[in-house]
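Peer 1: Under our numbering, read the sequence shown as residues 79 to 184, first letter to last. Backbone N, C-alpha and C define an ideal beta-carbon position, used for all residues, glycine too. The structure that follows is given in the form of structure tokens.
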Amino acid sequence: MAIAGQGRYEEALHLAGTGSAFRSAAGVRGPVPRFWRQLQEREFGRARRELPPQIADRAREQGATASLDEAVTWVLGDTAPRDEAWLDNGKACEGLGKAPVAHFPG
């Protein structure tokens with residue numbers, strides 16, 4: 079949502095689609111807290127109003143089909159980490175579809 083607040087509307091909707099797809103793939107269910115829903119409605123609503131409908135829809139759809147690596151690259155560009163120690167290419171998520179898991183050294 080911070081990206082929407084920066085005026086990066088297409089990216090925001092792309093990542094909203096990715097987040098929604100990852101939550102569904104992980105089996106996250108239940109109500110969204112009211113404050114969070116209101117914040118999403120405000121920021122993503124602004125993004126939808128600022129973009130032509132076909133661009134907003136396409137961004138959300140592309141995000142919903144993106145892998146985690148694609149989402150990270152979308153946000154970070156060429157600065158995204160690429161080594162196998164950081165990203166396991168989805169081995170830890172085999173039951174969750176295409177959403178790989180990031181591993182952060184601790």
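Gly-95 to Thr-143, Cα distance in whole Å?
Peer 2: Approximately 8 Å between the Cα atoms of the pair.
Peer 1: Considering only the alpha carbon of each residue, which of Ile-81, Leu-91 and Gln-116 lies closest to Gln-132?
Peer 2: Among Ile-81, Leu-91 and Gln-116, the Cα nearest to that of Gln-132 is on Leu-91.
Peer 1: Helix or strand or just coil, what does DSSP make of Ala-144?
Peer 2: Note: Ala-144 maps to coil in three-state DSSP.
Peer 1: Do Phe-113 and Ala-82 count as a contact pair if the criterion is CB distance below 8 Å?
Peer 2: No; because the gap between Cβ atoms is not below 8 Å, this pair is not in contact.
Peer 1: Please work out which residues of its chain come closer than 6 Å, Cβ to Cβ, to Ala-125, disregarding the five sequence neighbours upstream and downstream, and give them in chain order.
Peer 2: Contacts found: Ala-82, Tyr-87, Ala-90 and Leu-91.
Peer 1: Leaving aside the five residues before and after Gln-118 along the sequence, list all residues of the same chain whose C-beta is less than 8 Å from its C-beta, in chain order.
Peer 2: Only Met-79, Ala-94 and Val-110 meet the Cβ criterion.
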